[in-house]
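Only one structure is covered here, and it is reproduced in the block below.
Structure, rendered in structure tokens:
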């Protein structure tokens, strides 16, 4: 077990979900394991010395979902309903919807969170659809949240497969067998926005990039939002650009967001580890 498994403190106060990543990377570098699989959204944007992000497989649906009592949707929950989430990003975007719900900090595995709804402790919880899909529990979802309402975390729904950078043959094997170039382009763009905003993976930043057909072939389209913690203020922008330059597009959008005041909103959340000098593809 990693520290994140045995410590019940809120993840945002423990350095975010990066506590799990650090433990697995330490095991890689120590030679205890040869391959580590992470949720990409938990991965710090700065590259790690000696570690290669060898493959990013095809992404699951990146959206957030609601699991609520009585089959209710978010809009059907009565005012004052208790909705569980441990994510500042979700809290900020849900507060911005002005639904009059009470957002309650919660963490634990999917069983634990859904159990709080079944027991009546909470009226609903917010989870990643990808996690529910991997557990074959989509039948319990009462609503899939449109990204217009709640943009997912950068990289949400994607897996990151890492190995030691010195294992060149293994890097090549994993890339050729498992890497999905469209997914890598999209999540690299999203994570570049996060990196350029100098925001950590727990910050109230949402981003979603997609590969779409443009006039001159495939291009990337990205939407991103930075919120104040209470959801009262937001910088929300979109941009499109060449499919083969996800880092350039991410930097362009982040610069526009910063010009519109994104840093002022995120400053109240506290600084992230310095990542802005690195790109986010991990290769």
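In the working numbering, the protein residues as written are 26 to 308. Using N, Cα and C, we set each Cβ at its ideal position, and we do this for glycine too. Remember, predicted model here, so these are calculated numbers, not experimental data.
How close, in whole Å, do the beta carbons of residue i and residue j come, if the pair is a contact with beta carbons under 8 Å?
i: residue 61; j: residue 54; result: Not really, about 10 Å apart at Cβ, beyond 8 Å.
i: residue 155; j: residue 86; result: 6 Å
i: residue 152; j: residue 89; result: 7 Å
i: residue 142; j: residue 92; result: 6 Å
Going by other Cβ atoms of all chains shown within 10 Å of its Cβ, with 16 needed for buried, is residue i buried or exposed?
i: residue 264; result: buried
i: residue 240; result: exposed
i: residue 148; result: buried
i: residue 74; result: exposed
i: residue 238; result: exposed
i: residue 220; result: buried
i: residue 279; result: buried
i: residue 145; result: exposed
i: residue 102; result: buried
i: residue 56; result: exposed
So which of the options has the shortest CA-CA distance to residue i?
i: residue 251; options: 84, 49 and 291; result: 291
i: residue 136; options: 161, 121 and 114; result: 161
i: residue 270; options: 259, 282 and 243; result: 243
i: residue 179; options: 192, 102 and 84; result: 84
i: residue 187; options: 249, 236, 207 and 199; result: 199
i: residue 94; options: 70, 217, 165 and 212; result: 165
In chain order, what residues of the same chain have a beta carbon less than 6 Å from the beta carbon of residue i, not counting five sequence neighbours either side?
i: residue 96; result: 167
i: residue 129; result: 107 and 109
i: residue 256; result: 117, 120 and 121
i: residue 172; result: 233
i: residue 285; result: 260
Is it the case that the CB of residue i approaches a heavy atom of the ligand SAM more closely than 8 Å?
i: residue 218; result: Looking at this structure, you won't find the ligand SAM or any other ligand, since it has none at all.
For the beta strand (DSSP E) that contains residue i, what are its first and last residues?
i: residue 279; result: Run containing residue 279: none in the beta strand (DSSP E); it sits in the alpha helix (DSSP H), 271-284.
i: residue 140; result: First-last for residue 140: 135-143, but that is the alpha helix (DSSP H), not the beta strand (DSSP E).
i: residue 232; result: 230-239
i: residue 88; result: Neither: residue 88 is in no beta strand (DSSP E) and is coded neither H nor E.
Under 8 Å Cβ to Cβ from residue i, same chain only, skipping five residues before and after it: list those, please.
i: residue 267; result: 244, 245, 273 and 274
i: residue 100; result: 124
i: residue 288; result: 222 and 223
Counting only the same chain and skipping the five closest in sequence on each side, list residues whose C-beta sits under 7 Å from that of residue i.
i: residue 64; result: 184
i: residue 138; result: 109, 131, 150 and 152
Along the alpha helix (DSSP H) that carries residue i, what are the first and last residues, could you check?
i: residue 219; result: 206-221
i: residue 266; result: Premise fails: residue 266 lies in the beta strand (DSSP E), 259-267, not in any alpha helix (DSSP H).
i: residue 158; result: 154-159
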